[in-house]
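Working notes, structure below.
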Amino acid sequence: MTTLLISDLHLQPAAPEITDGFLNWLAERAPAAEAVYILGDFFEAWIGDDLLDLGASDPTGTAELASRVADALKTLAEAGTAIYLMHGNRDFLLGERFAKAAGARLLPDPSVVTLGERPVLLMHGDSLCTRDEAYMAFRRQARDPQWQAQVLGMPIAERLQLAKQLRDQSGEANSNKAEDIMDVTPDEVVEALRAHGVDTLIHGHTHRPAVHDLEVNGAPAKRLVLGDWQPDRGWEIVVEGGGEPHLREFALS
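Written as structure tokens, this is what we have:
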């Protein structure tokens, strides 16, 4: 019984090596897994599930890419692997239509699930970066159902332009921020573990793959951080049977 967790693939037409690497991973690695968890930022940008209607007429190429990915996920799901999708800060508009097309289930952020024989807290990770006050303000707006409904009501062309604008603004803002501001706030990590009554947290978002030993309520705890995928390599967390989760880097082929 194997469980695999990944995040931060940032799939986009401009990075075909990552898409091809992921599709190979789905065909060669994932079929041995009982479950696959994708913890956010699966796509570099997602403007709404109706993007799938554009097909080849999508000027960004994202619709065709998403259809290929959804079909591959559905094949995996139909073979018996459970697939779970969590929203990230790039693809928070992923909806039930895409999940159904992919044979996946949307997973709330945060969620406690049983991996192996232990309860584990899963998060995308952006909600832990509370020192980045500007981003936290945007996150509150982007998770507001009224704001999302307003955006989804815009013509697709306007949403595509908005997505580009938000990415450009994010890149410019991050280039001027201190590194520690964009990382998690340690006290928030401890509080999240304490609030959910678990001793293990798995998340992505920060692009800083590592395993951190912590202490919560006087007892040992652990935080595992998934890395972002690049054209030549990916990251996964593996849980074998009732064993401990471990972080693994691998080459994309």
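Counted the way my numbering counts, the sequence shown spans residues 1014 to 1266.
All C-beta atoms, glycine included, are put in the ideal place defined by N, C-alpha and C.
In this structure, the CA atom of Gln1174 is about 34 Å from the CA atom of Ala1095. Of the residues assessed, His1259 falls on the exposed side of the cut-off, its CB having fewer than 16 other CB atoms within 10 angstroms. Between the segment 1044 to 1062 and the segment 1016 to 1031 there are three or more C-beta pairs closer than 8 Å, enough to call the two in contact.
For Gly1254, the CB contacts under 6 Å within the same chain, skipping 5 residues up- and downstream, are Met1014 in chain order. Assignment of beta-bridge partners to His1259 by DSSP yields Val1251.
It is roughly 13 Å from the alpha-carbon of Val1164 to the alpha-carbon of Leu1179.
The three-state secondary structure of Ala1040, taken from DSSP, is helix.
Of the residues Asp1241, Leu1141, Asp1200, Gly1074, the one whose Cα lies closest to the Cα of Ile1031 is Asp1241. CA-to-CA, the gap between Arg1131 and Ile1250 works out to about 15 Å. Between Arg1156 and Phe1105, the gap from beta carbon to beta carbon is short of 8 Å. Judged by beta-carbon spacing, Pro1044 lies beyond the 8 Å limit of Ala1115, meaning their Cβ atoms are not closer than that value. Excluding five sequence positions before and after Pro1072, the CB atoms of its chain that fall closer than 8 Å to its own CB belong to Leu1173, given in chain order.
A Cβ-Cβ contact shorter than 8 Å links Thr1143 with Met1149.
For Arg1236, the enclosing beta strand (DSSP E) starts and ends at 1232 to 1238. Each of Pro1123, Trp1160, Ser1266 was checked against the Cα of Gly1210, and the nearest Cα belongs to Pro1123. In the displayed model, Phe1056 falls within a strand according to three-state DSSP. The C-alpha of Gly1074 is placed about 11 Å away from the C-alpha of Pro1029. Per DSSP, the unbroken beta strand (DSSP E) holding Arg1118 starts and ends at 1118 to 1120. In terms of Cβ geometry, Leu1265 and Pro1244 form a close pair [threshold 8 Å]. Spatial neighbours of Ala1232 in its own chain (CB-CB distance under 7 Å, excluding positions within 5 residues in sequence) are listed in chain order as Asp1212. For the pair Ala1085 and Leu1128, the CB atoms are not nearer than the 8 Å cut-off. Annotation for Leu1206: Leu1134, Asp1212, Leu1214, Val1229, Ala1234 place their beta carbon closer than 7 Å to its own, counting only its chain and skipping 5 residues before and after.
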